[in-house]
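This report refers to the structure that appears directly beneath it.
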Amino acid sequence: MFYPYGFGNHWLLYIGAPLIIGIWAQIRVSGAFSKWGKVRASSNITGAECAREILQAAQIHDVDVVETNDFLGDHYDPTGKKLCLSSNVYNTPSVAALGVAAHETGHAIQHAKAYAPLKVRMAIVPVTMVASQMLPFVIFGGIFFHITGLITLGIYCYTILLAFQLITLPVEFDASRRAKIILQQMGIVQPGSEVAGVNKVLNAAALTYVAAFIAALGNLLWLLSMRDRRN
Ligand SMILES: [Zn+2]
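Numbering of the sequence shown is given in the working numbering, commencing with residue 1 and proceeding in unit increments.
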């Protein structure tokens, strides 16, 4: 069978398969979120209230909880010390909203406690951004114009992105672990179906980070296979 240059079996294995895993993980997150986003928690507090209560209990007083318009754009911004929650997390007293809000608050707690993987992650953000901005040009030049030096540069870029995705895993898993414990300890979610719902949402979200790591690994392996075939 004929494949255009660089798009053979290696491409299917290293790029195609991770892509499918990524799409599958996204579908699971959307599914968990849409199911548990409709279930009202008996504590009846919104994601924003939940985040503020947890911050208060953790004695964190310098983090703002703000609403963002991006769908699923929930994140903690360590530089601005802002906890950004998407509108349907910020304003909704659902099981899913509480899970997401508590997870993001988990990052604020990591920051306050100088959790080592978060510090490493923050430290490599600038170089990661440079690498990801360079990549399109590097890949284009390397693959389509067969410039070997650019392929080597691309390998460095993908190695940086892989390191970033790798250090993201403990940061994300730990934030979810903290969220699950705190939500129960503070009585914000009740044992039984509410706890199960939070677990479903957070575990599905964790899968997307595993998928992102696999994708980064696939990209690197693909480029390595390109270089080896040329040598
Ligand atoms: Zn997170």
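Note that the Cβ used here is the ideal one computed from N, Cα and C, for glycine as well. Because the structure is a prediction, the values reported are computed rather than measured.
Check                                                                                                                                                                            : Outcome
Return helix, strand or coil for H10, following the three-state DSSP convention.                                                                                                 : helix
At which residue ranges does the region 15-99 contain complete beta strand (DSSP E) runs of 3 or more residues, listed in the order of the chain?                                : 64-68, 75-77, 82-86
Would you tell me roughly how many angstroms separate the C-alpha atoms of G60 and A206, rounded to the nearest one?                                                             : First, the residue type needs correcting, since residue 60 is Ile and not Gly in the sequence shown. Going by the C-alpha atoms only, they are around 25 Å apart.
Do the region 192-211 and the region 134-151 touch if we need at least three Cβ pairs shorter than 8 Å?                                                                          : no
Can you grab the Cα-Cα spacing for the pair L12 / A51, in whole Å?                                                                                                               : 42 Å
Kindly list the residues whose CB is nearer than 6 Å to the CB of T68, restricted to its own chain and excluding five residues on each side of it in sequence; keep chain order. : C84, S86
Measure from the alpha carbon of T215 to the alpha carbon of each residue in I21, Q56, D62, S193, then state which is nearest.                                                   : In the sequence on display, residue 215 carries Ala and not Thr. Here the closest residue by C-alpha is I21.
Within 10 angstroms of its Cβ, does F213 collect 16 or more other Cβ (buried), or is it exposed?                                                                                 : buried
Is Y115 helix, strand or coil by DSSP?                                                                                                                                           : coil
For G197, which of helix, strand or coil comes out of DSSP?                                                                                                                      : helix
Go ahead and pull the three-state DSSP assignment for Y3.                                                                                                                        : Caution applies to Y3, whose pLDDT of 49 falls short of 50 and renders its modelled position unreliable; the value that the coordinates give is listed next. If DSSP states are grouped into helix, strand and coil, Y3 belongs with coil.
Exposed or buried, S30, counting other C-beta atoms within 10 Å across all chains shown (16 or more means buried)?                                                               : exposed
What would DSSP say about I139, mapped onto helix, strand or coil?                                                                                                               : helix
Among the candidates E194, I182, C157, A17, whose CA atom is the shortest distance from the CA of V127?                                                                          : C157
I181 to V198, Cα distance in whole Å?                                                                                                                                            : 11 Å
How far does the alpha helix (DSSP H) with F173 in it reach, from first residue to last?                                                                                         : 148-185
Given this structure, state the Cα-to-Cα distance separating P245 from A211, to the nearest angstrom.                                                                            : The shown model of the chain, from 1 to 231, leaves out residue 245, and the question about it has no answer.
Does DSSP put I188 in a helix, a strand or coil?                                                                                                                                 : coil
Going by CA-CA distance only, name the one from V66, F173, Y209, G218 that's closest to Q26.                                                                                     : Y209
Among R227, D228, M226, L221, which has the Cα closest to the Cα of Y14?                                                                                                         : L221
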